[in-house]
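Inspection log for the structure reproduced underneath, given as structure tokens.
In the UniProt record's numbering, the protein residues as written are 1 to 801.
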């Protein structure tokens, strides 16, 4: 990683200060690198961390001032999230759970103690993270913020004709939901030709659904049910057999010596695949669902989810569905017009909630927007709504990059909200990379000096001005700015988009140049993703690398996810003359005691689940017999414990080297091949996906905010990678807000001028130099400030091309 070899004085071994051990017995060699600023004399005004060892933290000890705004910085993988989320917030929430009775605790998430010697002066922690808001298709922005509940009560009181209480306006109750779509707003049809081949029998493989191949467990449940002959072609089934085969509801039947539950194929497919969130299933299942199922707007309710009675009741000629579909900033104006004294307090609360959403930059959303369609940044801001009006004080609020997805114009508003939370007497802890947020910090904790095993230490603590002179990587890059390109690359053609109308797009026509780096920008909600993802995804040769999360578990790791483990297992098998399955921790070679995880989890009831290194395999995950087999002098466990950089020197075959080289190219050289995916930071997961997609034979890459989770120094490396892709003959299109990426681009497409129905237009296309010299868009204003452009010539005509 660029700059990591230049370890600042604040992070060299001779500057380490040994702290007094508090609490548990201290691990040998526990030392901490830190430089502290002036703290309040009263230690009760400090959150004190002693000997934190979660993930890569190296016995970290640090004092964090309470009722202040503290920003945690450092390169991706340096240990920021491990300290803030995995240690401080995790222990606070665990201790709160312990205040409940053992009976209640059994229904709550079980949290294990973080690996830390002592944590003192904690207050109740509220985590406001970027996790998507779930797969529940019944959850909307309105239900998640309680705005819809308040609106339902208003309609229950004032709507005419009067149809009942607030539950009569809910699409989640039988009183209010549309009976045809059951409150979902859409109905699904299954294409049977994607499920079965009627020309075949079951024994010949008539079922073409994933995981229903001949001999599989699901296939056996069907073929041995006795409801039809598995040797008869499906097209010769009687009507009764056909109904049993496809639509029979769950029924207990006897199969051999056992009783099993039989379901018709359509019933089983709906339960197994269609009832789950699309992003939570494996890619091949997702592809099957996309082929087999078509979703259409419910004809009875028009997609409003509500029955006719709920739609008939109105206030000022608008029903609740009309209100829910309005942009929130427009709905706020509508609510201001409701002046009936009987609902005045409720309307005031609703108005405050809607105004907060506008203030936080979500005014372009609508209350009926499904939460599973929100980006990570939008999800985080929706979660903030509940806390802005709270009367609670002395709470610890923990934020994970709250500026993700925000245009520079919107970051100032986010900063104001963070200050407001602090000024109410709360402790605000923010993991962040953006200089605009670091600048407003009362206190900074910088971790590093590198990532993974090269990080996990405190390089600096103190005020922002001190960070600049600290010599740390963050300090050196805090005022760093990428300059505009002196010469942009020439396009080799264009990708044309014509009459794009998805979401808020207003019949947009635009040409995206080929063979160059194009950045599509604009405020949140301006139509960037609708334009690019909605128009280009699915075109031949286009690979989309978006922000959908990697569905990894503690069994998944970079080796399995990247496909590296397959050729490695094959090489081990060939070298030792045994089966390749022996070298999988999920198969025959797994340690029977820990089931190939390397850790044994013990449920201690109210104390939570505690993980300990498996005594049988010593955390190596494999049986002793498997570990006797070597490849180039190493066993499979030693190979998985190597970093990507070490793997570059170890592997000598083309398939394996190609994979590890791509992982190194995206800056993941420090990751261990067997490191569980659930321990990776958001930035690491994003780059892992990019590395995998680089293997595709493609000509056009579409990246959705690739700077998410990246340190300022990491952004330079990302830009170098994008340049290599373009110089290699590819087209790179980046949806991005980061000014460094804009400045480095060959071409800019700026969407706006605002968000929602105030956006959806192309306000500028051209080079970055043209943008700063000729445009007055919000993006142009901020890019001018970023590159230090002080004078803007008088414009002669309309912006854009």
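A virtual CB, placed ideally from N, CA and C, is assigned to each residue, including glycine.
It should be emphasised that the depicted structure is a prediction, and the values quoted were computed from it without experimental measurement.
Same chain, Cβ closer than 6 Å to residue i, five either side skipped, listed in chain order
i	result
residue 74	80, 446, 447, 448
residue 659	562, 564
residue 575	631
residue 198	234, 235
residue 690	545, 666
residue 732	517, 701, 722, 725, 726
residue 241	228
residue 781	none
residue 738	707
residue 362	381
Reduced DSSP category for residue i - H, G, I as helix; E, B as strand; rest coil
i	result
residue 584	coil
residue 408	helix
residue 513	strand
residue 747	strand
residue 384	helix
residue 323	helix
residue 498	strand
residue 675	coil
residue 703	strand
residue 634	strand
residue 341	helix
residue 284	helix
residue 96	helix
residue 537	coil
residue 118	strand
Alpha-carbon spacing of residue i relative to residue j, whole angstroms
i	j	result
residue 59	residue 84	14 Å
residue 299	residue 331	25 Å
residue 459	residue 474	10 Å
residue 618	residue 639	16 Å
residue 469	residue 477	11 Å
residue 805	residue 754	Within the shown structure, residues of the chain are numbered from 1 to 801, placing residue 805 beyond reach of any answer.
residue 802	residue 92	No answer is possible for residue 802: it lies beyond the span of the chain, which begins at 1 and ends at 801.
residue 527	residue 773	24 Å
residue 775	residue 465	34 Å
residue 145	residue 546	26 Å
residue 637	residue 570	15 Å
residue 77	residue 710	10 Å
residue 318	residue 324	10 Å
residue 71	residue 119	19 Å
residue 30	residue 274	Caution applies to residue 30, whose pLDDT of 31 falls short of 50 and renders its modelled position unreliable; the value that the coordinates give is listed next. Each residue's Cα considered, the two are about 51 Å apart.
residue 201	residue 266	17 Å
residue 693	residue 543	7 Å
residue 499	residue 529	15 Å
residue 219	residue 622	32 Å
residue 509	residue 315	39 Å
For residue i: DSSP bridge partner residues
i	result
residue 302	Its beta-bridge partners do not exist; DSSP assigns none.
residue 315	318
residue 237	In DSSP, residue 237 forms no bridge with anything.
residue 72	431, 445
residue 189	294
residue 752	761
Own chain, CB closer than 8 Å to residue i, minus 5 neighbours either side, in chain order
i	result
residue 418	69, 399, 402, 428, 430, 437, 440
residue 177	170, 171, 183, 305, 306, 307
residue 303	185, 186, 297
residue 27	Note that residue 27 scores 33 on pLDDT, short of 50, meaning its location in the model is unreliable and no value can be drawn from it.
residue 555	585, 586, 596, 597, 676
residue 696	543
Extent of the continuous alpha helix (DSSP H) run through residue i
i	result
residue 808	No answer is possible for residue 808: it lies beyond the span of the chain, which begins at 1 and ends at 801.
residue 654	654-665
residue 156	147-158
residue 466	464-468
residue 714	712-727
residue 424	Careful: residue 424 lies outside any alpha helix (DSSP H) and carries neither H nor E.
Neighbourhood of residue i by C-beta, 7 Å cutoff - its chain only, sequence neighbours within 5 removed
i	result
residue 506	760, 761
residue 787	481, 483, 484, 743, 772
residue 513	491, 494, 747
residue 342	157
residue 535	497, 500
Range of the contiguous beta strand (DSSP E) that encloses residue i
i	result
residue 49	46-52
residue 297	293-297
residue 761	761-766
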